[in-house]
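Notes follow once the structure below has been shown.
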Amino acid sequence: MTTATSTLPLRDRILAETVKILGTEGPAALTVRRVAALSGCSTIGVYTHFGSKAALVDAAIMEAFAGLDEALAPIDALHGVDRLLRGAHAYRDWALAHPLEYTVMFAPSITANDATDVSAQRGGMSLDDHVARTQDAVDRGELTGDTETIARSIWSQVHGWLMTEILQSDSGRVAPTPAARAEFDASVRAVLVGFGATAPVDPAPALHAPRRAAVAPASPYVDLDRDAWTRLSASTPLPLTDADVERLAGLGDPIDLAEVDAIYRPISRLLDLHIEATRGLHAASSTFLREDVGGTPFVIGVAGSVAVGKSTTARLLRELLARWPATPRVQLITTDGFLYPNAELERRGLMERKGFPESYDRRALLRFVSKVKAGRPEVHVPVYDHLTYDILPGREIVVNRPDVLIVEGLNVLQPARPTAEGTSNLAVSDFFDFSIYVDARTSDVRRWYVDRFLALRQTAFARPESYFHRYAALSDDEAVERAEQIWDSINEPNLVQNILPTRSRATLVLTKDSDHAVERVRLRKL
Numbered sequence: 001m002t003t004a005t006s007t008l009p010l011r012d013r014i015l016a017e018t019v020k021i022l023g024t025e026g027p028a029a030l031t032v033r034r035v036a037a038l039s040g041c042s043t044i045g046v047y048t049h050f051g052s053k054a055a056l057v058d059a060a061i062m063e064a065f066a067g068l069d070e071a072l073a074p075i076d077a078l079h080g081v082d083r084l085l086r087g088a089h090a091y092r093d094w095a096l097a098h099p100l101e102y103t104v105m106f107a108p109s110i111t112a113n114d115a116t117d118v119s120a121q122r123g124g125m126s127l128d129d130h131v132a133r134t135q136d137a138v139d140r141g142e143l144t145g146d147t148e149t150i151a152r153s154i155w156s157q158v159h160g161w162l163m164t165e166i167l168q169s170d171s172g173r174v175a176p177t178p179a180a181r182a183e184f185d186a187s188v189r190a191v192l193v194g195f196g197a198t199a200p201v202d203p204a205p206a207l208h209a210p211r212r213a214a215v216a217p218a219s220p221y222v223d224l225d226r227d228a229w230t231r232l233s234a235s236t237p238l239p240l241t242d243a244d245v246e247r248l249a250g251l252g253d254p255i256d257l258a259e260v261d262a263i264y265r266p267i268s269r270l271l272d273l274h275i276e277a278t279r280g281l282h283a284a285s286s287t288f289l290r291e292d293v294g295g296t297p298f299v300i301g302v303a304g305s306v307a308v309g310k311s312t313t314a315r316l317l318r319e320l321l322a323r324w325p326a327t328p329r330v331q332l333i334t335t336d337g338f339l340y341p342n343a344e345l346e347r348r349g350l351m352e353r354k355g356f357p358e359s360y361d362r363r364a365l366l367r368f369v370s371k372v373k374a375g376r377p378e379v380h381v382p383v384y385d386h387l388t389y390d391i392l393p394g395r396e397i398v399v400n401r402p403d404v405l406i407v408e409g410l411n412v413l414q415p416a417r418p419t420a421e422g423t424s425n426l427a428v429s430d431f432f433d434f435s436i437y438v439d440a441r442t443s444d445v446r447r448w449y450v451d452r453f454l455a456l457r458q459t460a461f462a463r464p465e466s467y468f469h470r471y472a473a474l475s476d477d478e479a480v481e482r483a484e485q486i487w488d489s490i491n492e493p494n495l496v497q498n499i500l501p502t503r504s505r506a507t508l509v510l511t512k513d514s515d516h517a518v519e520r521v522r523l524r525k526l
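Here it is as structure tokens:
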């Protein structure tokens with residue numbers, strides 16, 4: 001008999017069965033052998049994807065948090081007490097729809113005994129987000145008191161309510177009735193009023209209430225679909241040819257001149273406007289200071305997952321911007337040059353986490369960008385060789401005061417890490433004048449990564465000096481299996497934990513459809 005679970009990819013089946021066991025029977029019932037049997041694979045299959053039982057539990061928890069994050073994303077367009085109240089309802093709605101996942105995330109019997117520090121940290125991040133939203137309400141004068149105390153009071157109220165509704169119910173599933181929703185709403189409002197929420201709070205939307213199409217929700221972004229964005233390109237020249245686009249496209253990225261015309265031509269004009277405005281601001285500042293402090297390169301950050309097409313985006317922008325009269329000198333560097341050499345990664349035990357933030361020499365990258373923005377001439381960048389999968393000793397790229405510098409990499413939008421004293425450091429993105437995040441559904445990026453891996457067997461992997469030469473002789477099935485293992489164990493965790501959370505920090509978000517074509521453009525309002 002075919003079930004909904006049995007049609008999922010193996011990794012998803014393993015996670016689904018893990019959640020079922022943990023959510024209904026508890027951690028004592030979870031064994032790798034049982035998960036393997038229910039998932040239709042061997043225990044080796046489970047260990048191949050997750051490495052250990054603890055890592056499996058971690059992955060189940062992380063997957064649940066990712067779903068919760070997606071459900072809460074719309075409330076970040078709101079502010080103050082309204083965001084806190086609607087966030088509480090969105091939180092509860094998700095928990096009622098995913099009771100097993102909620103149990104896995106927060107049941108003490110699971111998180112205390114089976115999850116590692118990674119899961120605990122992820123839960124802490126969720127609370128940190130709530131504290132930040134609470135701080136916004138305090139800063140707006142809508143709540144009074146200690147932010148931490150207010151946040152924890154709301155958190156305790158919501159979780160206490162859900163513990164009663166879900167964890168102590170016989171079935172683990174609660175019918176989301178309007179009456180129960182109203183009671184929950186009143187309980188959260190009582191906490192908010194207790195901390196000074198005197199401003200009127202609109203009632204939370206009724207269960208399944210129709211949306212009012214006439215009123216657009218407040219958002220920090222201008223959100224345009226493909227057709228609306230394409231119409232902006234009419235007055236902008238397109239200086240590239242089909243041959244140029246073919247030369248610039250990455251392996252597995254089927255971009256063509258029509259896509260460049262529709263999407264990247266308007267972006268180049270937008271960037272030209274930003275560059276000219278920045279120069280005007282510099283001139284005005286120099287007049288005010290009665291001193292010419294000297295211009296510096298306009299720095300653009302380009303971020304996104306492995307295989308999403310960010311390198312193609314960066315190369316196209318380099319070519320397009322270099323054809324504008326105001327910016328003939330455009331340079332592009334990738335953060336790959338700031339990866340630690342393989343020998344150092346081996347010494348630190350980080351080879352299996354290559355591409356994660358800790359695998360980069362972040363201080364060196366920060367020094368590089370700060371020197372560029374200081375106007376220093378001849379700033380040097382190490383050269384990374386994708387063929388040997390390592391830094392090339394003695395090889396460097398020289399960045400010499402370009403008009404525009406494009407910095408492309410997985411983690412360029414990462415926020416600064418706090419110091420041991422609790423103060424904040426600088427982040428690389430603090431030096432960006434504009435930033436772009438290339439986005440797509442995780443399932444699509446996974447497929448693109450596997451397709452690219454298969455194509456590389458016939459090209460780069462086939463060369464004897466390639467670090468991945470051992471994969472050139474794999475059969476199609478073996479290559480797909482190996483590519484999926486790499487994606488599941490390295491690339492997807494890095495995307496979910498580190499890269500995707502930085503999307504909201506970008507000035508411009510390009511969202512791709514399953515065919516690589518950009519279907520949506522979001523531009524942060526000034």
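Heads up, the sequence shown is in the UniProt record's numbering, so the first residue is 1 and it goes up one at a time.
Glycine included, every Cβ here is placed at the ideal spot set by N, Cα and C.
Just so it is clear, the structure is predicted and the values come from calculations on it, not from any experiment.
Measure the Cβ-Cβ separation of residue i and residue j and say whether it is below 8 angstroms.
i: tyrosine 221; j: leucine 15; result: no
i: aspartate 272; j: alanine 314; result: no
i: leucine 320; j: serine 268; result: yes
i: glutamate 246; j: lysine 310; result: no
i: alanine 506; j: tyrosine 437; result: yes
i: leucine 85; j: leucine 162; result: no
i: isoleucine 300; j: valine 518; result: no
i: arginine 520; j: arginine 231; result: no
i: leucine 316; j: leucine 248; result: yes
i: valine 188; j: isoleucine 154; result: yes
i: leucine 72; j: alanine 60; result: no
i: glutamate 142; j: glycine 80; result: yes
i: proline 297; j: proline 382; result: no
i: glycine 26; j: valine 104; result: no
i: leucine 100; j: valine 19; result: yes
i: proline 357; j: asparagine 498; result: yes
Determine the DSSP secondary structure at residue i, reduced to helix, strand or coil.
i: glutamine 414; result: coil
i: leucine 224; result: strand
i: valine 215; result: Legend: pLDDT at valine 215 = 44, less than 50; position of this residue unreliable, no value from coordinates given.
i: glutamine 458; result: coil
i: valine 191; result: helix
i: histidine 516; result: coil
i: tyrosine 264; result: helix
i: leucine 508; result: strand
i: tyrosine 102; result: helix
i: serine 475; result: coil
i: residue 552; result: Nothing about residue 552 can be read from this structure; the chain reaches only from 1 to 526.
i: leucine 15; result: helix
i: proline 493; result: helix
i: threonine 42; result: The residue you asked about is not threonine; residue 42 is serine in the sequence shown. Note: serine 42 maps to coil in three-state DSSP.
i: glycine 172; result: Interpretation of glycine 172 is limited by its pLDDT of 47, a score under 50 that renders its predicted location unreliable; the figure taken from the coordinates is listed afterwards. Looking at glycine 172 - three-state DSSP - the assignment turns out to be coil, as it is neither helix nor strand.
i: asparagine 425; result: coil
i: proline 27; result: helix
So the alpha helix (DSSP H) residue i belongs to, where does it begin and stop?
i: glycine 80; result: 80-97
i: alanine 303; result: Counting along the chain, alanine 303 falls outside any alpha helix (DSSP H), though it belongs to the beta strand (DSSP E) covering 298-304.
i: leucine 316; result: 310-322
i: aspartate 146; result: No alpha helix (DSSP H) holds aspartate 146; DSSP gives it neither H nor E.
i: glutamate 246; result: 242-248
If we count the other Cβ atoms within 10 Å of its Cβ and call it buried at 16 or more, is residue i buried or exposed?
i: phenylalanine 288; result: exposed
i: glycine 160; result: exposed
i: proline 266; result: buried
i: serine 39; result: buried
i: aspartate 170; result: At aspartate 170 the pLDDT is 48, less than 50, meaning the model places this residue with poor confidence; the figure from the coordinates comes in the next sentence. Exposed.
i: lysine 512; result: buried
i: glutamate 17; result: buried
i: isoleucine 75; result: buried
i: aspartate 82; result: buried
i: asparagine 491; result: buried
i: glycine 355; result: buried
i: valine 398; result: exposed
i: leucine 127; result: exposed
i: glutamate 465; result: exposed
i: serine 305; result: buried
i: histidine 130; result: buried
i: lysine 525; result: exposed
i: arginine 362; result: buried
i: aspartate 433; result: buried
Could you check where the beta strand (DSSP E) with residue i kicks off and where it finishes?
i: isoleucine 333; result: 330-334
i: isoleucine 75; result: Element bounds for isoleucine 75: n/a, residue is neither H nor E.
i: serine 435; result: 434-439
Sequence ranges, alpha helix (DSSP H) only - wholly within the segment 327-407, length at least 4: 342-348 and 362-373
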